[in-house]
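S.K.: Going letter by letter, the sequence shown gives residues 110 to 558 in the numbering used here.
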Amino acid sequence: MHPESKKQLNVIVLGVAFMFMFTAFQTCGNTAQTVITNLNNTDFHGSGYTSMAIIYGVFSASNLISPSVVAIAGPQLSMFSSGIFYSIYIAVFIEPYPWSFYTASVFLGIAAAILWTAQGNCLTINSNENTIGRNSGIFWALLQSSLFFGNLYIYFAWQGKTHITDSDRRTVFIALTVISLVGTVLFFLIRNPQESNTEEGEIADNADNLVEPTSDQSKMTRATDAFKSSIKLCFTKEILLLSITTAYTGLELTFFSGVYGTCIGAVNKFGAEEKSLIGLSGIFIGIGEILGGGIFGLLSKSSRFGRNPVVMLGIIVHFVAFYLIFYNIPNDAPIASIYGTDSIAYMEPSKEVAIFCSFLLGLGDSCFNTQLLSILGYLYAEDSAPAFAIFKFVQSVCAAIAFFYSNYLLLQWQLLVMAVVGFFGTISFFTVEWEAPAFVAKNVDYSSI
């Protein structure tokens, strides 16, 4: 197979593997708080928000070491090992106990850091400056298909239910655990894109992340170099500016993946459908993500569009969503009790508006994430793992903070925080995008000396 075709196939396999894994995990995250508040076991006292805060807190700290782990083990083994811990976390919900729930959250945080650093590294290895935008879009569309499939099952399984029984919970999470394991195994189908092109002299440098390292000394050297590169990159102008944009993606990730579904499920005015609407909300978030990833992947083939218009579209779409959510969903919905809330915001709660906002949240998120993946792969094509580790570090810190304050802040304040950070994140992205060609040209000049 031609190396370019092999690279394209690797990107598709990578996306499909993530689709299976995150069909399980994102469905789990979307329903966790609702499931926990409906547990019959009175000995269980936990919070889905707190679990997510632990995951993203540990995730952020683990990003300091994840480039070194990926440098030693390579992206394929790193992603497989991480997938096992994702599956364990989901399996905990089959029969949850506080100690196993929070312990699994800690290990998942470590695994997530390694998984996403390896994913960014694998995506970059299988792309070049002409295909990174397209491949980012393909990967993102496949990844976010996970929101559609898992939540479609939740919608039909929980339709008409106002209370989630132990039997309902076990059935869902056994199925999700199996799905996660299927995705984990698929990582072994990713192949070294250079192995059929051995006459090229740069194979050893480009492929060392997908084959076995030659010696313990070379492993430690790569691990040390990766750690040093991460520290140096943290203080560069480009990374500092992109960190504001990345911070916004962390805040809105928390909102659409954990908070908004809980809000919908807490609105008693939605009647007997309130729990199944959580699944429907996830489906429409997924549709927005898939549509955005597919369209922006195609548009990236034409450089005249650039990345800035896509990010501008993302922030406008999100501002519209925030405004409609503010008017439609009661302020106390994120922190409502097991009995939900009978409050009304500034209009009678509308299921149609709530689901439309889910679509807007997904579409806007795809705008930001596809372009961040694209610009990082473009700016740091020669050494991508540290850059993607920093990206996930900042994103996970902000997601952890957001999950923590979601336990306490009313909806209006959560929306205000996202709107302010999103505005400044958009401005900072524009600045980096305008200067990106000069940055890459400078690096090419230095590397040729």
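Where a beta carbon is used, it is the ideal one built from N, C-alpha and C, also for glycine.
Go to residue 435, then tell me how far its alpha helix (DSSP H) extends in each direction, as first and last residue.
M.R.: Segment 417–437, the alpha helix (DSSP H) holding residue 435.
S.K.: Identify, in the order they occur along the chain, each residue of the same chain with its Cβ nearer than 7 Å to the Cβ of residue 521, setting aside the five sequence neighbours on each side.
M.R.: Once the five neighbours on either side are set aside, the close Cβ partners of residue 521 are 435 and 440.
S.K.: At 4 residues or longer, and completely inside the segment 179–264: list those alpha helix (DSSP H) runs for me, N to C.
M.R.: Runs of the alpha helix (DSSP H) inside the segment 179–264: 184–201 and 207–234.
S.K.: Express the C-alpha separation of residue 460 and residue 431 in angstroms, rounding to a whole number.
M.R.: Going by the C-alpha atoms only, they are around 16 Å apart.
S.K.: Reducing DSSP to helix, strand and coil, say where residue 450 ends up.
M.R.: Strand at residue 450.
S.K.: Please classify residue 126 as buried or exposed, where buried requires at least 16 neighbouring CB atoms within 10 angstroms.
M.R.: Looking at its Cβ environment, which holds 16 or more other Cβ atoms inside 10 Å, residue 126 is buried.
S.K.: What's the gap between the Cα of residue 453 and the Cα of residue 437?
M.R.: Cα to Cα, residue 453 sits roughly 8 Å from residue 437.
S.K.: Starting from residue 159, trace the alpha helix (DSSP H) both ways and give me its first and last residue.
M.R.: Residue 159 -> alpha helix (DSSP H) spans 157–171.
S.K.: Compare the beta carbon distance of residue 392 and residue 261 with 7 Å and say whether it is the shorter of the two.
M.R.: Yes, the Cβ-Cβ distance between residue 392 and residue 261 is below 7 Å.
S.K.: From residue 389 to residue 145, what distance separates their C-alpha atoms?
M.R.: Distance between the alpha carbons of residue 389 and residue 145 is about 19 Å.
S.K.: Assuming residue 493 and residue 233 are in contact, meaning their beta carbons sit under 8 Å apart, how far apart are those beta carbons, in whole angstroms?
M.R.: Correct: roughly 4 Å between the Cβ atoms.
S.K.: With distances taken between CB atoms, is the gap from residue 302 to residue 443 smaller than 7 Å?
M.R.: Their beta carbons are not under 7 Å apart, which means residue 302 does not touch residue 443 by this criterion.
S.K.: Taking the alpha helix (DSSP H) that residue 441 belongs to, which residues open and close that run?
M.R.: Where residue 441 is concerned, there is no enclosing alpha helix (DSSP H), given that its DSSP letter is neither H nor E.
S.K.: Which same chain residues, not among the five before or five after residue 179, have their C-beta less than 6 Å away from its C-beta?
M.R.: Taken in chain order, the residues that qualify are 187, 226, 227, 230 and 494.
S.K.: Where does the unbroken alpha helix (DSSP H) through residue 484 begin, and where does it stop?
M.R.: Unbroken alpha helix (DSSP H) run through residue 484: 460–488.
S.K.: Count the other C-beta atoms from every protein chain shown that fall within 10 angstroms of the C-beta of residue 380, then say buried if there are 16 or more, exposed otherwise.
M.R.: It is exposed - the Cβ of residue 380 has fewer than 16 other Cβ atoms within 10 Å.
S.K.: Alpha carbon to alpha carbon, how far is residue 504 from residue 377?
M.R.: If you take the alpha carbons of residue 504 and residue 377, they lie about 33 Å apart.
S.K.: Beta carbon of residue 249, beta carbon of residue 402: below 7 Å?
M.R.: A contact, by the Cβ cut-off of 7 Å.
S.K.: Return the residue from the list 168, 136, 523 and 181 that minimises the CA-CA distance to residue 333.
M.R.: Closest option to residue 333, Cα to Cα, is 181.
S.K.: Quick one: using the 10 Å Cβ neighbour count with 16 as the cut-off for buried, is residue 307 buried or exposed?
M.R.: For residue 307, the predicted model reports a pLDDT of 47, less than 50, meaning its position is unreliable and no value from the coordinates is stated.
S.K.: Name the one or two DSSP bridge partners that residue 368 has.
M.R.: According to DSSP, which records beta bridges pairwise, residue 368 is partnered with nothing at all.
S.K.: Does the segment 156–173 come within contact of the segment 499–514, defined as at least 3 CB pairs closer than 8 Å?
M.R.: Contact between the segment 156–173 and the segment 499–514 is present, because at least three Cβ pairs lie under 8 Å.
S.K.: Taking the alpha carbon of residue 524 as the point to measure from, which residue in 470, 483 and 281 has its own alpha carbon closest?
M.R.: Nearest option by C-alpha distance: 470.
S.K.: Does the contact criterion of 3 or more C-beta pairs under 8 Å hold for the segment 213–222 versus the segment 249–258?
M.R.: Output reads no: the segment 249–258 does not touch the segment 213–222.
S.K.: Nearest to residue 448 by CA position, among 158, 375, 385 and 477, is which residue?
M.R.: Checked all of 158, 375, 385 and 477; the closest Cα to residue 448 is 375.
S.K.: Determine, using beta carbons only, whether residue 350 and residue 540 come nearer to each other than 7 Å.
M.R.: In this structure, residue 540 lies closer than 7 Å to residue 350 by Cβ.
S.K.: Just the C-alpha distance for residue 419 and residue 212, rounded to the nearest angstrom, thanks.
M.R.: The alpha-carbon atoms of residue 419 and residue 212 are separated by roughly 39 Å.
S.K.: Work out the CA separation of residue 527 and residue 472 for me, nearest whole Å.
M.R.: Distance between the alpha carbons of residue 472 and residue 527: 16 Å.
S.K.: Keeping to the same chain, check which residues put their C-beta closer than 7 Å to that of residue 455; ignore five residues upstream and five downstream.
M.R.: Hits under 7 Å: 436.
S.K.: Please report the straight-line C-alpha distance between residue 284 and residue 382, rounded to a whole angstrom.
M.R.: Spanning the two alpha carbons is a distance of roughly 23 Å.
S.K.: Tell me the residue span of the alpha helix (DSSP H) that contains residue 284.
M.R.: Element bounds for residue 284: 275–295.
S.K.: Thinking just about the alpha-carbon of each residue, which of 209, 185 and 340 is nearest to the one in residue 502?
M.R.: For the residues 209, 185 and 340, the minimum Cα distance to residue 502 belongs to 340.
S.K.: Cβ of residue 415 within 7 Å of Cβ of residue 138?
M.R.: In this structure, residue 138 does not lie closer than 7 Å to residue 415 by Cβ.
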